[in-house]
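>
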Amino acid sequence: YHLGLFFAFLNGLLAATIMIPLHYAPPHSTQGIGYSMSFGIAAMIVVLFAWLLRWMVCALQCRSVVMGYQSLPSFHFKDMLRPGMLAGLLYSIGNLSGIVSIQKLGNFMGYSLNQS
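Heads up: take any position in the sequence shown, counting from 1, add 140, and you land on the working numbering.
1) Cβ of serine 214 within 8 Å of Cβ of cysteine 202?
2) Quick one: what does DSSP say isoleucine 160 is sitting in, helix, strand or coil?
3) Can you name the start and end residues of the alpha helix (DSSP H) that threonine 237 belongs to?
4) Using beta-carbon positions only, say whether asparagine 235 and phenylalanine 179 come within less than 8 Å of one another.
5) Among Pro223, Val187, Met249 and Ile242, which has the Cα closest to the Cα of isoleucine 160?
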């Protein structure tokens, strides 16, 4: 129960602070698309580090780098390329639209409408 409340609080805190970097950036340097691109690059870097961390944990458990890699789940590139690209495109459009709405309407209205 308490762990669930903690993570609900943490989720609210992180969601509420997602646009803080946009407010401290120079006025005309980050219009929607620039902020969205930097967000995407940062997300890609975080996913890469998470994957490398999982690979290292598996390698330590198997006591071999190659066996650790082989114990990871398959990527299923052929099956997941189209749905993954479509999901990424839709998420990017939604994220960009949310950023633009927050810039035009302000945090209170823009973020609330973005989450509804």
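Glycine included, C-beta positions come from ideal geometry on N, C-alpha and C. Since we're looking at a predicted model, the values are computed, not measured.
Here's the rundown:
1) no
2) helix
3) The amino acid at residue 237 is misidentified as threonine; the sequence shows serine. Element bounds for serine 237: 217–246.
4) yes
5) Ile242
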